[in-house]
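Peer 1: Take this structure, written in structure tokens, and hold onto it; I'll ask about it next.
2 protein chains.
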Amino acid sequence: MTVPRVRIESLERHVGQRVEIAGWLQHARSSKHVHFLYVRDGSGVVQVVVAASDVPPALFDQAGGLPLETSLVVRGTVRRHPRRDELELGLDELDVVSRPVREYPISPKEHGVDFLMDHRHLWLRSRRQQAILRVRAEIVSAIREYFDSRGFVLVDAPILTPNACEGTSTLFETDYHGQKAYLTQSGQLYAEAAAMAFGRTYCFGPTFRAEKSKTRRHLAEFWMVEPEVAFMDLEGDIALAEDFLTNLVARVLDRRRAELGVLERDVAPLERIRPPFVRLRYEQALEILREAGQPVRFGDDLGGDEETVLSQRFDRPVVVTHYPMSLKAFYFKRDPSDPSRALNMDVLAPEGYGEVIGGGQREDDLAALEAAIEAHRLPRAAFEWYLDLRRYGSVPHAGFGLGVERTVAWICGLHHVRETIPFPRMLHRLAP
Amino acid sequence: MTVPRVRIESLERHVGQRVEIAGWLQHARSSKHVHFLYVRDGSGVVQVVVAASDVPPALFDQAGGLPLETSLVVRGTVRRHPRRDELELGLDELDVVSRPVREYPISPKEHGVDFLMDHRHLWLRSRRQQAILRVRAEIVSAIREYFDSRGFVLVDAPILTPNACEGTSTLFETDYHGQKAYLTQSGQLYAEAAAMAFGRTYCFGPTFRAEKSKTRRHLAEFWMVEPEVAFMDLEGDIALAEDFLTNLVARVLDRRRAELGVLERDVAPLERIRPPFVRLRYEQALEILREAGQPVRFGDDLGGDEETVLSQRFDRPVVVTHYPMSLKAFYFKRDPSDPSRALNMDVLAPEGYGEVIGGGQREDDLAALEAAIEAHRLPRAAFEWYLDLRRYGSVPHAGFGLGVERTVAWICGLHHVRETIPFPRMLHRLAP
Numbered sequence: 001m002t003v004p005r006v007r008i009e010s011l012e013r014h015v016g017q018r019v020e021i022a023g024w025l026q027h028a029r030s031s032k033h034v035h036f037l038y039v040r041d042g043s044g045v046v047q048v049v050v051a052a053s054d055v056p057p058a059l060f061d062q063a064g065g066l067p068l069e070t071s072l073v074v075r076g077t078v079r080r081h082p083r084r085d086e087l088e089l090g091l092d093e094l095d096v097v098s099r100p101v102r103e104y105p106i107s108p109k110e111h112g113v114d115f116l117m118d119h120r121h122l123w124l125r126s127r128r129q130q131a132i133l134r135v136r137a138e139i140v141s142a143i144r145e146y147f148d149s150r151g152f153v154l155v156d157a158p159i160l161t162p163n164a165c166e167g168t169s170t171l172f173e174t175d176y177h178g179q180k181a182y183l184t185q186s187g188q189l190y191a192e193a194a195a196m197a198f199g200r201t202y203c204f205g206p207t208f209r210a211e212k213s214k215t216r217r218h219l220a221e222f223w224m225v226e227p228e229v230a231f232m233d234l235e236g237d238i239a240l241a242e243d244f245l246t247n248l249v250a251r252v253l254d255r256r257r258a259e260l261g262v263l264e265r266d267v268a269p270l271e272r273i274r275p276p277f278v279r280l281r282y283e284q285a286l287e288i289l290r291e292a293g294q295p296v297r298f299g300d301d302l303g304g305d306e307e308t309v310l311s312q313r314f315d316r317p318v319v320v321t322h323y324p325m326s327l328k329a330f331y332f333k334r335d336p337s338d339p340s341r342a343l344n345m346d347v348l349a350p351e352g353y354g355e356v357i358g359g360g361q362r363e364d365d366l367a368a369l370e371a372a373i374e375a376h377r378l379p380r381a382a383f384e385w386y387l388d389l390r391r392y393g394s395v396p397h398a399g400f401g402l403g404v405e406r407t408v409a410w411i412c413g414l415h416h417v418r419e420t421i422p423f424p425r426m427l428h429r430l431a432p
Numbered sequence: 001m002t003v004p005r006v007r008i009e010s011l012e013r014h015v016g017q018r019v020e021i022a023g024w025l026q027h028a029r030s031s032k033h034v035h036f037l038y039v040r041d042g043s044g045v046v047q048v049v050v051a052a053s054d055v056p057p058a059l060f061d062q063a064g065g066l067p068l069e070t071s072l073v074v075r076g077t078v079r080r081h082p083r084r085d086e087l088e089l090g091l092d093e094l095d096v097v098s099r100p101v102r103e104y105p106i107s108p109k110e111h112g113v114d115f116l117m118d119h120r121h122l123w124l125r126s127r128r129q130q131a132i133l134r135v136r137a138e139i140v141s142a143i144r145e146y147f148d149s150r151g152f153v154l155v156d157a158p159i160l161t162p163n164a165c166e167g168t169s170t171l172f173e174t175d176y177h178g179q180k181a182y183l184t185q186s187g188q189l190y191a192e193a194a195a196m197a198f199g200r201t202y203c204f205g206p207t208f209r210a211e212k213s214k215t216r217r218h219l220a221e222f223w224m225v226e227p228e229v230a231f232m233d234l235e236g237d238i239a240l241a242e243d244f245l246t247n248l249v250a251r252v253l254d255r256r257r258a259e260l261g262v263l264e265r266d267v268a269p270l271e272r273i274r275p276p277f278v279r280l281r282y283e284q285a286l287e288i289l290r291e292a293g294q295p296v297r298f299g300d301d302l303g304g305d306e307e308t309v310l311s312q313r314f315d316r317p318v319v320v321t322h323y324p325m326s327l328k329a330f331y332f333k334r335d336p337s338d339p340s341r342a343l344n345m346d347v348l349a350p351e352g353y354g355e356v357i358g359g360g361q362r363e364d365d366l367a368a369l370e371a372a373i374e375a376h377r378l379p380r381a382a383f384e385w386y387l388d389l390r391r392y393g394s395v396p397h398a399g400f401g402l403g404v405e406r407t408v409a410w411i412c413g414l415h416h417v418r419e420t421i422p423f424p425r426m427l428h429r430l431a432p
């Protein structure tokens with residue numbers, strides 16, 4: 001009779017049965033008469049018990065001498081652990097699929113970050129990295145489900161774009177069949193075109209920044225989701241961001257609590273995430289920063305340090321609005337009651353994590369947008385298509401971008417974004 | 001009392017009520033005493049009836065003189081159409097949000113493809129393009145749901161890669177802080193690393209080909225989903241592809257039949273898609289091609305023309321397997337019973353659409369893979385990390401890549417892939 005091949009996550013359905021599991025030896029320990037093999041198959045890890053009293057001596061010896069990351073197929077009976085609330089496998093047969101050619105380079109001892117990053121293709125197998133990437137996958141799935149179920153149509157923005165819209169200093173450039181092309185920094189302008197067609201839309205893909213900065217919050221390649229909604233103003237935008245972010249956190253708490261446990265994430269601060277978020281106008285944010293001893297002046301942008309201070313101050317996310325127009329991109333709509341201010345908003349995650357969302361209402365007046373393009377000394381011709389959106393049926397509209405990696409770092413409680421993406425690309429890191 | 005703002009898709013819940021709809025004038029027609037305005041809000045199109053007997057003369061005149069793509073807010077009562085099975089709005093109030101500055105460039109008359117592509121940002125608003133992009137969004141959602149619900153963990157592959165693995169002729173190159181980097185052509189090698197960690201994994205993102213070819217099946221930038229599974233062989237890979245593709249088609253038939261109707265897609269061929277697909281070994285495919293008058297010889301690759309012939313021959317997808325190794329990439333596993341052949345498979349969609357899936361079993365033997373890298377004259381150092389996957393716990397594994405745009409073209413019944421992605425990038429097309 002063939003033994004059924006099962007996944008570790010489904011062992012509960014096979015208690016008392018003989019099954020086969022295919023995977024890798026993640027960890028092992030032995031006493032004189034028993035070997036405990038911890039086998040990972042990607043869906044979980046199971047303790048495989050090899051008892052000297054149950055198996056032939058040759059098999060017992062073989063099981064005790066397997067190096068870490070040996071790939072193997074184990075057969076045996078699924079049973080309840082005598083004391084812990086978990087299942088184990090009582091082994092009776094073992095096939096080694098492939099024995100490592102030498103000792104697995106990642107040992108339980110401490111390794112430096114560079115070493116681990118150089119071995120990222122193997123490091124992914126570790127318990128912590130698996131937990132982080134499962135939370136990431138959950139967040140990506142939650143993002144898509146949130147928008148798909150609310151009438152937002154996914155409209156992918158292009159990665160290769162013809163225009164260096166905001167200067168070439170932070171753009172990756174490539175030769176596109178004789179023409180200069182740049183890797184996108186944001187799909188927003190395209191999402192605006194889609195919003196005029198579909199009303200509610202989002203794009204979600206990788207975006208690029210060729211910044212020379214080397215901070216714990218920056219990657220050269222990162223994923224961003226950007227919803228854009230026609231007939232929505234700044235208030236609606238903030239309400240959408242609040243509901244969306246609350247939903248993401250709740251979904252991870254609901255489905256990935258085990259992984260947060262592996263990461264030793266204190267979930268109490270996450271359980272406090274719900275609307276309304278704290279609202280601060282730019283000048284109120286400055287005041288708090290000054291009280292905290294930061295030497296900020298009106299007109300200064302809020303950088304990483306300022307965000308850290310603000311987001312440590314409250315136990316809920318903070319929405320900072322109405323920045324001076326001088327700090328913001330050309331496409332923001334001016335506040336009608338004070339045209340020196342933008343109808344923008346940044347959402348800062350609490351616990352010092354800082355900006356995870358940036359967005360606002362877009363300029364929908366043709367003449368005002370033309371003037372902004374000129375004032376920013378941008379190449380007008382490159383924006384003719386974008387101006388068309390104001391020529392033909394312009395409407396008030398707003399949207400935002402959420403950075404996936406910063407969100408993963410916050411929810412997982414990680415200091416640095418480098419572990420939040422499978423293969424990070426940073427200033428000095430392009431491999432593996 | 002405030003009138004509730006509603007979406008057209010939810011009008012059924014408001015029959016008999018006074019509501020407000022915000023959108024764009026997609027089309028209009030008039031008789032002497034009544035104007036019919038077809039208003040699009042992104043969730044649908046509704047017929048708005050402006051009767052001379054119901055509204056003041058000034059409003060009646062205004063409603064009759066609105067140019068296409070005027071953005072507007074209409075208010076009135078939701079009622080059933082007197083004859084057709086649909087809802088309409090009896091207008092009593094109208095606010096024009098923005099009047100086009102000149103005539104909308106896309107008229108109901110015929111336009112050339114270049115003109116439409118130059119106006120892609122507006123063309124998205126048309127009925128056909130909306131239908132195609134909604135089918136695309138449905139397919140993307142179905143892909144993710146398929147894998148997420150079957151224990152596949154999403155592990156995003158990087159876009160920027162350090163190595164020109166298969167020659168630089170079809171790669172887009174960029175300067176990465178002083179180092180050469182290339183835009184990915186496939187996430188497969190990274191997916192293999194992830195499969196050794198997660199057992200079942202997939203990556204899904206944009207991929208790039210700097211090909212000079214200008215065919216109806218090629219884009220410079222296209223989206224690809226790539227599942228990869230540990231402990232799976234070619235047979236398992238084919239079974240996964242069959243189940244997956246069948247599931248995608250069924251999902252679109254289930255949820256996007258209205259859109260397929262707009263596209264005048266004959267759904268009968270789609271309803272026949274179910275396992276098992278037709279299986280052909282490479283030499284059987286050659287025989288069929290020769291019978292059809294194609295002058296193919298053993299060792300020839302199957303190009304677009306050959307795929308068209310094969311995929312017109314059967315009413316189900318065709319799986320072509322066991323190509324000569326000389327035609328395939330270095331990472332394919334050789335057939336143990338005939339080492340001149342690859343354990344590969346291509347899935348050709350029927351009705352002449354051709355390849356939508358390519359994949360197979362990967363070489364899992366360290367020495368064989370090292371020899372293949374040498375035989376293909378690839379830079380060994382660049383593959384050390386990939387070889388590590390065979391050094392530490394190698395297992396049989398397989399996977400495939402499905403091209404989203406070709407799948408959308410097939411399911412929508414489109415001749416060319418250029419309409420299957422919001423902003424296509426082709427040999428001579430980088431804008432808007």
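Line by line, the protein sequences give chains A and B. Quick note: the first sequence uses this note's numbering, first residue 1, plus one each step. Quick note: the second sequence uses this note's numbering, first residue 1, plus one each step. Every residue gets a Cβ at the ideal spot worked out from N, C-alpha and C, and that includes glycine.
1) Does the pairing of the region 247-264 of chain A with the region 409-423 of chain A give three or more beta-carbon distances under 8 angstroms?
2) Note down the Cα distance separating Arg256/B from Phe152/A, rounded to an integer number of angstroms.
3) Residues of chain B with CB under 9 angstroms from Arg7/A, in chain order?
4) Would you list the residues sitting across from Phe208/B in a DSSP beta bridge?
5) Looking only at C-alpha atoms, which of Gln188/B, Val6/B and Gly44/B sits nearest to Gln130/B?
6) Where do the N-terminal and C-terminal ends of the alpha helix (DSSP H) with Gly261/B fall, by residue?
7) Grab the span of the alpha helix (DSSP H) containing Ala63/B for me, first residue to last.
8) Of the residues that make up the region 181-196 of chain B, which ones have a beta carbon closer than 8 angstroms to any beta carbon in chain A?
9) Which value, in whole angstroms, describes the spacing of the CA atoms of His81/B and Gln47/B?
10) Taking CB distances under 8 angstroms as the criterion, tell me whether His121/A reaches chain E.
11) Checking 8 angstroms against the spacing of the C-beta atoms, do Ala142/B and Leu68/B come in under that value?
12) In the DSSP output, what is Met426/B paired with across the bridge?
13) Tell me which residues of the region 368-386 of chain A have at least one Cβ-Cβ distance to chain B shorter than 9 angstroms, keeping chain order.
14) Output the boundary residues of the alpha helix (DSSP H) element that contains Asp98/B.
15) Could you pull the start and end residues of the alpha helix (DSSP H) that Thr407/B belongs to?
16) In chain order, what residues of the same chain have a beta carbon less than 8 angstroms from the beta carbon of Glu20/A, not counting five sequence neighbours either side?
17) May I ask you to report which of helix, strand or coil DSSP gives Val48/B?
18) On a CA-only basis, which of Asp301/A, Glu363/A and His218/A is nearest Ala285/A? Give me that one, please.
19) Could you list the residues in the region 220-237 of chain B with a C-beta less than 8 angstroms from some C-beta on chain A, going in chain order?
20) Going by other Cβ atoms of all chains shown within 10 Å of its Cβ, with 16 needed for buried, is Ser10/B buried or exposed?
21) Leaving aside the five residues before and after Phe314/A along the sequence, list all residues of the same chain whose C-beta is less than 7 angstroms from its C-beta, in chain order.
22) Residues of the region 130-145 of chain B with a CB closer than 8 angstroms to any CB of chain A: list them in chain order, please.
23) How long is the line joining the alpha carbons of Leu263/B and Gln26/B, rounded to whole angstroms?
24) I'd like to know if Phe172/A contacts chain B, where contact means its C-beta is closer than 8 angstroms to some C-beta of that chain.
25) Which term fits Asp114/B, buried or exposed, when burial requires 16 or more other beta carbons within 10 angstroms of its beta carbon?
26) Rank Asp175/A, Ala197/A and Met224/A by C-alpha distance to the C-alpha of Gln188/A and give the top, closest one.
27) Inspect the beta-carbon positions of Leu234/B and Gln361/B and report whether they are closer than 8 angstroms.
28) For Arg13/B, which of Phe36/B, Arg40/B, His33/B and Arg79/B has the nearest alpha-carbon?
29) At the level of alpha carbons, what is the spacing between Val49/B and His397/A?
30) Report the residue from Leu366/A, Pro379/A and Ser71/A whose alpha carbon sits nearest the alpha carbon of Ser394/A.
31) Is it true that the region 192-204 of chain A meets the region 412-430 of chain A, where meeting means three or more beta-carbon pairs spaced less than 8 angstroms apart?
32) Considering only the alpha carbon of each residue, which of Leu378/B, Ile8/B, Leu66/B and Leu369/B lies closest to Arg29/B?
33) Can you name the start and end residues of the alpha helix (DSSP H) that Gln17/A belongs to?
34) Under 8 angstroms, with one C-beta from each stretch per pair, do the region 108-126 of chain B and the region 166-185 of chain B reach the 3-pair mark?
35) Just list the beta strand (DSSP E) runs in the region 255-318 of chain A, keeping only unbroken ones of 3 residues or longer that don't cross its boundaries, in chain order.
36) CB-CB under 6 angstroms to Ile357/B, same chain, minus the five flanking residues each way: which ones, in chain order?
Peer 2: Straight from the coordinates:
1) In short, these stretches touch, since the Cβ pair count reaches three.
2) Their backbone Cα atoms lie some 15 angstroms apart in a straight line.
3) Simply Gly151, Gly199 and Arg200.
4) In DSSP, Phe208/B forms a bridge with Glu221/B.
5) Nearest to Gln130/B by alpha-carbon distance, out of Gln188/B, Val6/B and Gly44/B, is Gly44/B.
6) Gly261/B -> alpha helix (DSSP H) spans Arg257 to Val262.
7) Per DSSP, Ala63/B belongs to the alpha helix (DSSP H) from Pro57 to Gly64.
8) Taking 8 angstroms as the Cβ-Cβ cut-off against chain A, the residues of the region 181-196 of chain B that qualify are Ala181, Leu183, Tyr190, Ala193, Ala194, Ala195 and Met196.
9) If I take the Cα positions, the gap works out to 9 angstroms.
10) Although the question refers to chain E, the structure presented lacks it and instead comprises the protein chains A and B.
11) Not closer than 8 angstroms, so no.
12) In the DSSP assignment, Met426/B forms a beta bridge with Arg429/B.
13) So the close ones are Ala382, Glu384, Trp385 and Tyr386.
14) One detail in the question is off: residue 98/B reads as Ser in this sequence, not Asp. Segment Leu87 to Ser98 is the beta strand (DSSP E) holding Ser98/B; no alpha helix (DSSP H) there.
15) Counting along the chain, the alpha helix (DSSP H) containing Thr407/B begins and ends at Val404 to Cys412.
16) Non-local beta-carbon contacts of Glu20/A in its own chain, meaning distances under 8 angstroms to residues more than five positions away in sequence, involve Val3, Pro4, Arg5, Val6, Val73, Val74 and Arg75 in chain order.
17) In this structure, DSSP gives Val48/B an extended state, which the three-state scheme calls strand.
18) For Ala285/A, the nearest C-alpha among the options comes from Asp301/A.
19) From the region 220-237 of chain B, only Ala220, Glu221, Trp223, Ala230 and Phe231 have a Cβ closer than 8 angstroms to chain A.
20) When all chains shown are included, Ser10/B counts as exposed.
21) Val278 and Pro350, listed in sequence order.
22) Legend: CB atoms of the region 130-145 of chain B lying less than 8 angstroms from CB atoms of chain A belong to residues Gln130, Leu133, Arg134, Arg136, Ala137, Val140, Ser141 and Arg144.
23) Rounded to the nearest angstrom, the two C-alpha atoms are 18 angstroms apart.
24) Put simply, the CB of Phe172/A is near chain B, with a gap under 8 angstroms to one of its CB atoms.
25) Around the beta carbon of Asp114/B, fewer than 16 other beta carbons lie within 10 angstroms, which makes this residue exposed.
26) When only C-alpha atoms are compared, the closest one is Met224/A.
27) Yes, these two residues count as a Cβ contact at 8 angstroms.
28) Looking at the Cα atoms, Arg79/B is the closest of the given residues.
29) If you draw a straight line from the Cα of Val49/B to the Cα of His397/A, it is about 27 angstroms long.
30) For Ser394/A, the closest C-alpha among the options Leu366/A, Pro379/A and Ser71/A is that of Leu366/A.
31) The region 192-204 of chain A makes no contact with the region 412-430 of chain A; the number of CB pairs closer than 8 angstroms stays below 3.
32) For Arg29/B, the closest alpha carbon among the candidates Leu378/B, Ile8/B, Leu66/B and Leu369/B is that of Leu66/B.
33) Where Gln17/A is concerned, there is no enclosing alpha helix (DSSP H), given that its DSSP letter is neither H nor E.
34) No, they do not touch.
35) The region 255-318 of chain A contains, as complete beta strand (DSSP E) runs of 3+ residues, the segments 278-281 (chain order).
36) The residues are Ala241, Val347, Phe400 and Leu402.
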